[in-house]
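Straight run, no breaks: the sequence shown in the numbering used here ends on number 1653.
A short worksheet on the structure shown next.
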Amino acid sequence: MKQIRLIASDLDGTLLPFGTNEVSEEIFDLIREIRSRGIYFFMASGRQFYQIRNMFKAVADSIGFICENGCLGIFNGEIICREFMDQNLCDEILRDIMKFEDCEFHVSGADGYYVQPKRRSFYDELIAAGVKVNLVENIFKHPEPYMKLSIHKPHGFSENDVT
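Next up, the structure:
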């Protein structure tokens, strides 16, 4: 019989109940047990690496991370895989988003989110969520290719918002 060599798990709604942001000690104990059997464990999430690494700091040095909706893989503190979005397409989308006064956005890179916020409160919300945020004066000149683009609207989107 073949031995299990790797287990990957989603975070939200799987190891982390919806509406919570704290991982239980029981989960850490299970991960330690998995690792003691020589099985690799990867935490998978659409979230940012810094945010989930913080959530799993009790075991972070012994597990891998698949972050940013699968665009960034990190193991033993090293980037093992990274995927990028088309830069020109993202720039075009960002220019369109900037036309909407009530929309904010951030782009993701391996070194955190990059934001050029319209309102300081948007930046403050990201910081409060425990993510690494880099303020930039010109989003089109940030130092990394885009891995993910996120659009935020205070009260959500309706079908009339899509153009």
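Where a beta carbon is used, it is the ideal one built from N, C-alpha and C, also for glycine.
Everything numeric in this text was worked out from a predicted model, so none of it was measured.
Check, Outcome
"Burial state of proline 1507 (16 or more Cβ within 10 Å)", "exposed"
"DSSP-derived helix/strand/coil call for asparagine 1566", "coil"
"CA nearest to the CA of alanine 1619, picked from Asp1500, Gly1503 and Gly1509", "Gly1509"
"Terminal residues of the beta strand (DSSP E) in which cysteine 1561 lies", "Per DSSP, cysteine 1561 belongs to no beta strand (DSSP E) and is neither H nor E."
"N-terminal and C-terminal residue of the alpha helix (DSSP H) that methionine 1588 is part of", "1577-1588"
"Tyrosine 1613, DSSP secondary structure in three states", "helix"
"Under 8 angstroms between C-beta atoms of isoleucine 1641 and cysteine 1593", "yes"
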